[in-house]
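Taking it in order: structure first as structure tokens, then the write-up.
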Amino acid sequence: MKILLLGSGGREHALAWKIAQSPKLDKLYIAPGNPGMGRLGENVDIKANDFAAIGSFVTDKGIDMVVVGPEVPLVEGIVDYFASEPSLQGVGIIGP
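Below, the structure is given as structure tokens:
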């Protein structure tokens, strides 16, 4: 399973640490991440509220699930964005 984790704070670091332990994980991408999180997955230079860039990345990399750490992308409608884009409708997206 390929997972994209959005965020760069302590909550997201803890999520990355735990997700990285899963035997079902093929690849963990973290956007934008931080230097410490780079040891757990691949940091990607995409802002957590740049929905178009996130959508393109998800499509290009064949991401199976997006885990949204910060509240801001959720409040700004990232789940609705994924639901409105035909190429993203099969991608799981979860948040706190």
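Per our numbering, numbering of the sequence shown is gapless, rising by one per residue and ending at 347.
Yeah, the Cβ is synthetic: ideal placement off N, Cα and C, and Gly gets one too.
Alpha-carbon to alpha-carbon, residue 313 and residue 307
Roughly 10 Å between the two C-alpha positions.
Host alpha helix (DSSP H) of residue 266 (start-end):
261 to 270 is the extent of the alpha helix (DSSP H) around residue 266.
The alpha helix (DSSP H) that contains residue 275, what's its start and end?
Residue 275 -> no alpha helix (DSSP H), and no H or E assigned at all.
According to DSSP, is residue 299 helix, strand or coil?
If DSSP states are grouped into helix, strand and coil, residue 299 belongs with coil.
Check whether chain B comes within 8 Å of residue 274, counting only Cβ atoms and requiring the distance to be less than that.
Among the chains in the structure shown there is no chain B, since it carries only a single protein chain.
For residue 324, which of helix, strand or coil comes out of DSSP?
Note: residue 324 maps to helix in three-state DSSP.
Who are the Cβ neighbours of residue 342 in its own chain at under 8 Å, not counting the five residues just before and after it?
If we look at residue 342 and ignore the five residues flanking it on each side, its Cβ neighbours are 309, 314, 315, 316, 317, 333.
Over the uninterrupted alpha helix (DSSP H) stretch that includes residue 314, give me the two end residues.
Counting along the chain, residue 314 falls outside any alpha helix (DSSP H), and DSSP gives it neither H nor E.
Can you check whether the CB of residue 305 is closer than 8 Å to the CB of residue 283?
Cβ atoms of residue 283 and residue 305: not closer than 8 Å.
Alpha carbon of residue 346 to alpha carbon of residue 336, nearest angstrom
Rounded to the nearest whole angstrom, the CA to CA distance from residue 346 to residue 336 is 19 Å.
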